[in-house]
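Trainee:
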Amino acid sequence: MTARGVIAAVVLAAGGSTRLGKPKQLLPLGEHPLLAHVLHCVRQSSVDRKYIVLGFAEDQIREQVPLHDFEIIHNQDYFAGQSTSIRRTIETMPDDVSAVVFVLGDQPLQVPEVIDTIIDSYRDDPSPAVQPQFADGPGNPVLIDRELFGELLELTGDTGARPVLRELG
1096 MTARGVIAAV
1106 VLAAGGSTRL
1116 GKPKQLLPLG
1126 EHPLLAHVLH
1136 CVRQSSVDRK
1146 YIVLGFAEDQ
1156 IREQVPLHDF
1166 EIIHNQDYFA
1176 GQSTSIRRTI
1186 ETMPDDVSAV
1196 VFVLGDQPLQ
1206 VPEVIDTIID
1216 SYRDDPSPAV
1226 QPQFADGPGN
1236 PVLIDRELFG
1246 ELLELTGDTG
1256 ARPVLRELG
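Residues 1096 to 1264 in my numbering are what the sequence shown spells out, letter by letter.
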């Protein structure tokens, strides 16, 4: 826990993989499913709490990916887009959570150092959002302060938090 409160990581893994036709989260990458690599990264980071949002293929994911130290957030409305997972997250966050680091469940090559750098930046200079910048522009994961939770609850569709982040400039 930080002086500003708890920082939680939330892995967004509820998506329906409609274009692929099968659970993208379970595609093999080396010896493990893609999602297992993402969870390993989060486990190696300095977050205070770990959550995962599940929806599509939840039973298969539970069978094939170790989730033992992640609290599960159920999203039955996953088919309506990523915003439903974000809203569901915000609705379930305990009051002591100051910020959430949203981690995409289909980006297995993330490294814990990026999550830790985002958290360190937030701790050093608290701002409503911290997003890494890469050569091709803004990226993920994204840390969002409780100050913006109300705006996240208004999201719709498959946009994620982009509209809220754009407003910050």
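Ideal placement from N, C-alpha and C gives every residue a C-beta, glycine not left out. Model, not experiment: these values are computed from the prediction.
Using a 10 Å radius around the Cβ and a threshold of 16 neighbouring Cβ atoms, would you call residue 1171 buried or exposed?
Mentor: In the sequence shown, residue 1171 corresponds to position 76, counting from 1. Looking at its Cβ environment, which holds fewer than 16 other Cβ atoms inside 10 Å, residue 1171 is exposed.
Trainee: Check whether the segment 1157 to 1170 touches the segment 1237 to 1244, taking contact to mean three or more Cβ pairs, one atom from each stretch, closer than 8 Å.
Mentor: The segment 1157 to 1170, when compared against the segment 1237 to 1244, does not touch it at the 8 Å Cβ threshold.
Trainee: Counting only runs of 4+ residues fully inside the segment 1109 to 1179, write out the alpha helix (DSSP H) ranges in chain order.
Mentor: Runs of the alpha helix (DSSP H) inside the segment 1109 to 1179: 1129 to 1139 and 1153 to 1159.
Trainee: Quick one: what's got a C-beta closer than 6 Å to residue 1195's C-beta in the same chain, skipping five residues either side?
Mentor: As a first step, residue 1195 must be located in the sequence shown, where it is residue number 100. So the list reads 1103, 1105 and 1239, once near-sequence residues are dropped.
Trainee: Apart from the five residues on each side of it in sequence, which residues of its chain come closer than 8 Å, Cβ to Cβ, to residue 1111?
Mentor: Sequence index remark: in the sequence shown, residue 1111 carries index 16 (1-based). Excluding sequence neighbours, residue 1111 sits near 1150, 1151, 1173 and 1174.
Trainee: Terminal residues of the continuous alpha helix (DSSP H) containing residue 1216?
Mentor: Along the sequence shown, one-based indexing puts residue 1216 at 121. Run containing residue 1216: 1207 to 1219, per the alpha helix (DSSP H) assignment.
Trainee: Excluding the 5 residues flanking residue 1229 on each side, which residues of the same chain have their C-beta closer than 8 Å to its C-beta?
Mentor: Locating residue 1229 in the sequence shown gives position 134, where the first residue counts as 1. Same-chain partners within the cutoff: there are none.
Trainee: How about residue 1201 and residue 1145: are their beta carbons less than 8 Å apart?
Mentor: Your numbering for residue 1201 matches position 106 in the sequence shown. Your numbering for residue 1145 matches position 50 in the sequence shown. Cβ distance not < 8 Å, so residue 1201 and residue 1145 don't count as in contact.
Trainee: How long is the line joining the alpha carbons of residue 1225 and residue 1249, rounded to whole angstroms?
Mentor: Taking the first residue of the sequence shown as position 1, residue 1225 is located at position 130. Taking the first residue of the sequence shown as position 1, residue 1249 is located at position 154. Approximately 20 Å between the Cα atoms of the pair.
Trainee: I'd like to know whether the C-beta atoms of residue 1076 and residue 1236 end up nearer to each other than 8 Å.
Mentor: Examination of residue 1076 is not possible in this model, given that the chain is present from 1096 through 1264 alone.
Trainee: Does the distance from the C-beta atom of residue 1181 to that of residue 1255 stay below 8 Å?
Mentor: Taking the first residue of the sequence shown as 1, we reach residue 1181 at position 86. Taking the first residue of the sequence shown as 1, we reach residue 1255 at position 160. Against a cut-off of 8 Å, the Cβ pair of residue 1255 and residue 1181 comes out as a contact.
Trainee: Note down, in chain order, each residue of its chain lying with its Cβ closer than 7 Å to the Cβ of residue 1215, except the 5 sequence neighbours on either side.
Mentor: Taking the sequence shown and counting its residues from 1, one reaches residue 1215 at position 120. So no residue of the chain qualifies.
Trainee: Give every residue of the same chain whose Cβ lies closer than 6 Å to the Cβ of residue 1097, excluding the five residues on either side of it in the sequence, and list them in chain order.
Mentor: Counted from its first residue, the sequence shown places residue 1097 at position 2. Caution applies to residue 1097, whose pLDDT of 45 falls short of 50 and renders its modelled position unreliable; the model cannot decide the point.
Trainee: Going by C-alpha distance, which of 1127, 1231 and 1136 is nearest residue 1197?
Mentor: Taking the first residue of the sequence shown as position 1, residue 1197 is located at position 102. That would be 1136, whose Cα lies nearest to the Cα of residue 1197.
Trainee: What are the start and end residues of the alpha helix (DSSP H) that includes residue 1250?
Mentor: Indexing the sequence shown from 1 puts residue 1250 at position 155. No alpha helix (DSSP H) contains residue 1250, which DSSP labels as neither H nor E.
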